[in-house]
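Colleague:
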Amino acid sequence: MSTWDAPVAASIHVTARGYPRAVNNLAVQSLLSAYADNKSIVDEVAARAAVAEVTQE
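The sequence shown begins at 1 in the numbering used here and counts up one residue at a time.
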C-alpha cells in the first residue's frame, strides 16, 4: 500500500515541474493535509490543499 494514490503522485510531480525541492515541498504539505483530515493516504483533496498552501507563499 502506498502513501499516495498513483494519480496524486503524478499530479504532484507535474505541478512541481519535476523540480526536486518543489516535489518535496508539495509532498510534505500533502502529508500534513492528509494527517490533519485523519486520512491514511494522500488523496486528490489533500494534494490540492497542498498546492494551494505552497503557492500561497
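Heads up, the beta-carbon is just placed ideally off N, CA and C, and yes, glycines get one too.
#1: Return the Cβ separation of Ile12 and Ser40 in integer angstroms, given the expectation that the two are a contact with Cβ distance under 8 Å.
#2: Tell me which residues share the same chain as Ala49 and place their Cβ nearer than 7 Å to its Cβ, disregarding the 5 neighbours each side in the sequence.
#3: Whose C-beta lies closer than 8 Å to the C-beta of Asp43 among residues of the same chain, with five residues either side of it excluded?
#4: Throw me the rounded Cβ distance for the Val51 and Thr3 pair, which I believe falls under 8 Å.
#5: Are the Cβ atoms of Val45 and Asn25 separated by less than 7 Å?
Modeller: In short:
#1: Incorrect: roughly 18 Å between the Cβ atoms, too far for contact.
#2: Ser33
#3: Asp5, Val8, Ala34
#4: In fact, because the Cβ distance is near 17 Å, the residues do not count as touching under 8 Å.
#5: no
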